[in-house]
Every structure is written in C-alpha cells, then in structure tokens.
Amino acid sequence: MRFEDASPVRGFPSYRGQRSFPGLWWSATTGSHVGYESWLERDWLIAFDSSPEVTGIGSQPFRLSWRAKKTKRHTPDYFLRLRDGGAVVVDVRADTRIDAEDQAVFDTTAAVCELLGWQYRRFGEMDRVRAANLRWLSGYRHPRCRRVGLAPKLVESFAVPRPLLLGAEDVGDPIEVLPTLFQASDLEDALASVDAAIRKIDSTSRWSPPTVAE
C-alpha cells in the first residue's frame, strides 16, 4: 500500500473550547488537500510541501497497535514519500508537550519504522522566522502562479547580482513575473534563506538556474 495516497485512518474533530486548530492545506505536491490537527502541524506540512525531495504526503496514514502493560495505539501524523522512493514517518509534537509515556510511544514507532526500512522523525517547534517565510512563499506554490517560458528569462536576468524588482522588470510586468520567481524551489539565491528574514523587494539578489518545471 502506498500510504501517501491512503485516506486518513481518523478524522479531525472540531468542538467548543478546542485549543488546537485543525484544518486542510492545499498541497502543491499532491494536488489535493492534506489535513493537519494544529498550526504547528500546518507549518511542518508547508515545509514538507515545499521540499523538492518530497513527492507524496499522507496525513494520519495508519494506526499502530501493540501490547505493553496494556494495549497501546498510535497514529503518526504524516507519511512522506521521497524522490528516491524512500519513506519518512512523521510525528509533530512540541518538546514541552512530551512526557515519558509519549516518548515511549515515539520510540516504539521509530523501532517499527526501522524494521520496515523507513525513516522516522519527530518535529517540534519551528523557528518563527522560518515558519513565517514558508507560509508567505507557499502562497505562490499553486500552478496558477507559473508562467511558462519565464524561468529561462529570469535566469538570464539574474545572472549577476541585482535588485530583485529591477531584474523582474527586465523580464516583464512584475505582477506577472514575481509569482514565477517566488515559486521557484531554488530560493536561497533568489531571496534570503528561509531561515532568515525575507529581504525587501529592492534587495540585491542573484538567481541560480531554477528547478521550476516548464
């Protein structure tokens, strides 16, 4: 079974007084909505969706059940299919919300993944600047932001460092050009690293050949 394509094994309840904020995120990777149970999960989902190494994302992909002193059950948050065919099972939980029992569950999940030849990762709080940058850039992930034929022109325009807006204007109307530029997955040269504050539109930038599909 390709867990990245499977339906969630459980839903995302919503109720009065709820402290988390579940929802659905449209994924450019899958071309469909993927669920999340909290804003922390949403931020990591955006990060997975932005990674060129991730080719598939499944939410609440399966449920594990095992016997300890009593029956234990756990549903990981995400299943990621990688470009090389590998898989990563993901749990998202802030460090401050993990007790000894939670850690035992994560350790068991990691052991099961190791037996299956999968990676297992548990992600905690994301850096605020990184999260904000990824949320902003995610707005340009939709195919409607891509203009066929602009990428080669952008590579030529940014062959040498120059102000971002000036380089875009040399290619065409910035309203049309900038979304294609922002959609490029090779953004560390076009803008700042997502781990640093996004620079102003008039910042001097250089763009390496992009991985935008034409």
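Counting with my numbering, you get residues 1 to 214 for the letters of the sequence shown. The C-beta atom is built at its ideal place from N, Cα and C for all residues, glycine as well.
**OP:** Could you check which residue in D43, C145, F158 has the C-alpha nearest to that of I175?
**Re:** C145
Subject >> Nearest-angstrom Cα separation, counted from A159 out to G23 >> reply: 41 angstroms
**OP:** Could you please give me the residues that DSSP links to V88 through a beta bridge?
**Re:** L80, Q119
Subject >> For T109, the three-state DSSP class (helix, strand or coil) >> reply: helix
**OP:** Specify the secondary structure class of G217 as computed by DSSP and reduced to three states.
**Re:** Residue coverage of the chain in this structure runs from 1 to 214, which leaves residue 217 outside it and unanswerable.
Subject >> Candidates Y120, L178, R93: closest to S20 by CA position >> reply: R93
Subject >> Neighbour-count burial assignment, R10, 16 or more Cβ in a 10 Å radius >> reply: exposed
**OP:** Decide if W44 is buried, meaning its Cβ has at least 16 other Cβ atoms within 10 Å, or exposed.
**Re:** buried
**OP:** Taking only the alpha-carbon atoms, compute the straight-line gap between F3 and G31 and give it to the nearest angstrom.
**Re:** 16 angstroms
Original post:
Exposed or buried, which one is D173 when buried takes at least 16 other CB atoms within 10 Å?
Top reply: exposed
Subject >> For P143, the nearest candidate out of I98, T108, T29, Q103 (CA to CA) >> reply: T29
Original post:
Under 9 angstroms between the Cβ atoms of D77 and D99?
Top reply: no
Original post:
Should I57 and L134 be called a contact, given that it needs their Cβ atoms to be closer than 9 angstroms?
Top reply: no
Subject >> Cβ neighbours of V112 in the same chain (closer than 7 angstroms, five flanking residues each side left out) >> reply: L64
Original post:
So, using beta-carbon positions, are Q60 and T71 closer together than 9 angstroms?
Top reply: no
Subject >> Proximal residues to S215 (C-beta, below 6 angstroms), its chain only, five neighbours per side dropped >> reply: No answer is possible for residue 215: the residues shown for the chain start at 1 and end at 214.
**OP:** Give a yes or no on whether the C-beta atoms belonging to D95 and E53 are separated by under 9 angstroms.
**Re:** no
Original post:
Which of the three DSSP states, helix, strand or coil, is assigned to P161?
Top reply: coil
Subject >> Nearest-angstrom Cα separation, counted from R128 out to F62 >> reply: 30 angstroms
**OP:** Please report how far the alpha carbon of S50 lies from the alpha carbon of V177, in whole angstroms.
**Re:** 20 angstroms
Subject >> Bridge partners - G35, DSSP secondary structure assignment >> reply: L24
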